[in-house]
Amino acid sequence: MLQILDRAREQVLENGTGLDEAGVLEILRLPDEQLPAALQLAHEVRMRWCGPEVEVEGIVSLKTGGCPEDCHFCSQSGLFSSPVRSVWLDIPSLVEAAKQTAKTGATEFCIVAAVRGPDARLMKQLREGVAAIKAEVDIQVAASLGMLTQEQVDELVEMGVHRYNHNLETCRSYFPSVVTTHSFEERWETLRMVRESGMEVCCGGILGLGESIEQRAEFAAQLAELDPHEVPLNFLNPRPGTPFADRPVVEGKDALRAIVAFRLAMPRTILRYAGGRELTLDDLETRDGLLGGINAVIVGNYLTTLGRPATADLQLLDDLKMPVKALSATI
Numbered sequence: 001m002l003q004i005l006d007r008a009r010e011q012v013l014e015n016g017t018g019l020d021e022a023g024v025l026e027i028l029r030l031p032d033e034q035l036p037a038a039l040q041l042a043h044e045v046r047m048r049w050c051g052p053e054v055e056v057e058g059i060v061s062l063k064t065g066g067c068p069e070d071c072h073f074c075s076q077s078g079l080f081s082s083p084v085r086s087v088w089l090d091i092p093s094l095v096e097a098a099k100q101t102a103k104t105g106a107t108e109f110c111i112v113a114a115v116r117g118p119d120a121r122l123m124k125q126l127r128e129g130v131a132a133i134k135a136e137v138d139i140q141v142a143a144s145l146g147m148l149t150q151e152q153v154d155e156l157v158e159m160g161v162h163r164y165n166h167n168l169e170t171c172r173s174y175f176p177s178v179v180t181t182h183s184f185e186e187r188w189e190t191l192r193m194v195r196e197s198g199m200e201v202c203c204g205g206i207l208g209l210g211e212s213i214e215q216r217a218e219f220a221a222q223l224a225e226l227d228p229h230e231v232p233l234n235f236l237n238p239r240p241g242t243p244f245a246d247r248p249v250v251e252g253k254d255a256l257r258a259i260v261a262f263r264l265a266m267p268r269t270i271l272r273y274a275g276g277r278e279l280t281l282d283d284l285e286t287r288d289g290l291l292g293g294i295n296a297v298i299v300g301n302y303l304t305t306l307g308r309p310a311t312a313d314l315q316l317l318d319d320l321k322m323p324v325k326a327l328s329a330t331i
């Protein structure tokens with residue numbers, strides 16, 4: 001019987017078929033001494049099925065804090081005692097943030113709002129913001145506004161939003177332990193409508209919420225079933241005042257095993273470094289991830305936590321001779 005890495009080489013690298021849940025679980029259980037070989041295989045898979053380019057993205061919060069949902073990891077929930085309070089960003093500030101993002105070489109600018117779903121005021125502000133950005137900045141605009149109605153999906157398409165982010169956060173079986181104010185199925189329905197609209201689907205989650213290794217494999221398999229264009233991979237950065245404030249940080253080697261596993265489950269997907277990597281991965285492990293399946297990076301700060309300086313990430317990509325994806329290639 002072939003060992004998992006040999007089977008993955010034949011199935012994923014040569015044939016382009018992702019591992020199933022059982023195969024992902026085997027990867028997540030690999031001993032440390034097999035991790036370098038697994039990272040090398042994941043890099044080969046990424047190069048074969050995605051190519052050498054790395055997509056760089058910046059994000060900004062249009063509405064911060066005051067969210068009515070109880071996502072247990074999130075300091076933007078209005079239900080917890082975390083020190084984030086509701087703030088709205090004006091249009092000139094939004095355009096300036098897009099300009100600064102474009103200067104880093106990023107091809108993608110994502111506008112995020114901490115809401116259950118957008119109301120009329122938010123949709124109006126987004127419409128004005130997208131129009132203002134498109135008038136002044138040569139960059140793709142994405143959005144993340146929570147759960148949508150069909151009418152809102154259609155409106156985003158009409159605005160020219162090309163990609164929508166709506167994370168499932170964790171697997172179906174563990175979701176009720178993370179969020180109680182809405183369901184996994186409600187999130188899935190928004191993603192279905194987004195896909196059918198023609199917008200690109202961006203959907204990932206957070207590792208280290210307390211899920212088991214088996215549930216981590218379940219999550220990878222459910223994302224593979226969804227087949228998103230992009231998967232942002234976050235690692236929990238425990239926030240004060242939230243129910244998950246005391247959860248332990250994911251170990252670096254476990255994070256690298258997860259990167260390999262998600263790449264081998266979804267060989268053609270953009271797999272993006274997102275929040276928490278600065279806490280979970282040291283500089284060497286960050287390089288290992290980029291040479292182990294990652295092919296996209298959020299640069300700069302996140303919504304409520306600090307990230308690495310954009311210049312540091314761009315220098316690292318240059319050191320690794322990884323070309324940043326040109327905007328013209330994504331239009």
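With the UniProt record's numbering, the residue at position 135 of the sequence shown is 135, and numbering never jumps.
Virtual Cβ for every residue (Gly too), placed ideally from N, Cα, C.
DSSP three-state call for residue i: helix, strand or coil?
i	result
S93	helix
V84	Unreliable placement is indicated for V84, whose pLDDT of 45 sits below 50; no coordinate value is reported for it.
R163	strand
N301	Note that N301 has pLDDT 45, beneath the 50 cutoff, so the model's placement of it is unreliable and the number below is only indicative. Three-state DSSP puts N301 in coil, outside helix and strand.
A131	helix
E10	helix
I206	strand
A296	strand
residue 335	Residue 335 cannot be examined here, being either before or after the span of the chain that is shown, 1 to 331.
E218	helix
A113	strand
Tell me which residues share the same chain as residue i and place their Cβ nearer than 8 Å to its Cβ, disregarding the 5 neighbours each side in the sequence.
i	result
I139	A98, T101, A102, A106, T107, E108, F109, I133, L327
E21	A217, E218, A220, A221
A37	L5
Apart from the five residues just before and just after residue i, which ones in its own chain have a Cβ nearer than 7 Å to its Cβ?
i	result
K253	D32, L35
L317	V54, V324
P228	V201, C202, C203, T269
V12	G18, L19, V45, L264, P267
D246	P238
Any idea which residues DSSP pairs residue i with across the strands?
i	result
E108	E57, Q140
L126	Answer is none; L126 lacks a bridge partner.
V201	Y164
Report buried or exposed for residue i, applying the criterion of at least 16 other Cβ atoms within 10 angstroms of its Cβ.
i	result
S61	buried
N15	exposed
R277	buried
R121	exposed
E185	exposed
E151	exposed
L284	exposed
T181	exposed
P118	buried
So, at 6 Å on beta carbons, what are the nonlocal neighbours of residue i in its own chain, with the 5 sequence-adjacent residues on each side left out?
i	result
T149	none
A265	G18, L19, V24, A220, A224
E128	I91
Beta strand (DSSP E) runs wholly inside the segment 223–290, at least 3 long, in chain order: 230–235, 270–273
Sequence ranges, alpha helix (DSSP H) only - wholly within the segment 17–77, length at least 4: 21–28, 35–49
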